[in-house]
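Numbering (our numbering), first residue to last: 83 to 254. Think of the CB as a built atom: it goes at the ideal place given N, C-alpha and C, for glycine as much as any other residue.
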């Protein structure tokens with residue numbers, strides 16, 4: 083892919099199950115290395131907004147810049163949930179608390195902040211994912227898109243699990 087990395091790797095189970103745990107961790111470390119660029123991407127309107135979280139490019143290069151062409155997929159945010167799921171999968175193979183604290187949890191926490199503050203809206207007394215592009219086959223963005231909703235829920239669950247294990251952010 084010419085030095086770009088798609089947000090849907092799903093290499094984790096295969097790498098972990100075959101004993102390639104060091105290679106598996108490279109996936110989480112790669113996404114972790116992009117946090118500064120993803121933070122800028124999430125908070126362009128407000129420099130250093132502590133609640134903006136992070137937003138990864140759809141097809142980032144090694145510096146986190148978007149490399150794919152224009153299209154409605156640029157409005158997707160569900161890929162962040164797959165990045166978080168993959169990072170948590172990396173951690174589960176060894177359950178190394180240092181790796182969880184230093185590499186995985188920052189991804190989970192900052193992605194959850196993005197979803198909470200930039201994706202969720204209250205409608206009829208319930209929280210839903212606001213209008214976004216979900217699957218490529220949708221002709222237009224939709225409210226409460228299924229795949230994105232699953233990604234948000236998974237990210238919140240993984241972030242809460244990691245926070246509990248680490249004993250941090252109990253009030254978040």
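Status (buried if at least 16 other CB within 10 Å, exposed otherwise) for residue i
| i | result |
| --- | --- |
| residue 136 | buried |
| residue 96 | exposed |
| residue 181 | buried |
| residue 132 | exposed |
| residue 88 | exposed |
| residue 227 | buried |
| residue 139 | buried |
| residue 233 | buried |
| residue 156 | exposed |
| residue 252 | exposed |
| residue 216 | buried |
| residue 165 | buried |
Beta-carbon contacts of residue i that lie in its chain and below 8 Å, excluding the five residues immediately before and after
| i | result |
| --- | --- |
| residue 231 | 210, 211 |
| residue 117 | 136, 188, 189, 192 |
Residues that residue i bridges to, as DSSP identifies them
| i | result |
| --- | --- |
| residue 210 | 203 |
| residue 142 | 148 |
| residue 224 | 214 |
Same chain, Cβ closer than 7 Å to residue i, five either side skipped, listed in chain order
| i | result |
| --- | --- |
| residue 145 | 119 |
| residue 94 | 106, 109, 168, 171, 172 |
| residue 115 | none |
Other residues of its chain near residue i: CB distance less than 6 Å, five sequence neighbours each side excluded
| i | result |
| --- | --- |
| residue 241 | 190, 191, 194 |
| residue 134 | 124, 125 |
Neighbour flag for residue i against chain B, beta carbons, 8 Å
| i | result |
| --- | --- |
| residue 101 | In the structure shown, chain B cannot be found, because there is only a single protein chain. |
Reference residue i; option with closest CA among the options
| i | options | result |
| --- | --- | --- |
| residue 163 | 248, 229, 247 | 229 |
| residue 249 | 221, 183, 206 | 183 |
| residue 179 | 113, 86, 243 | 243 |
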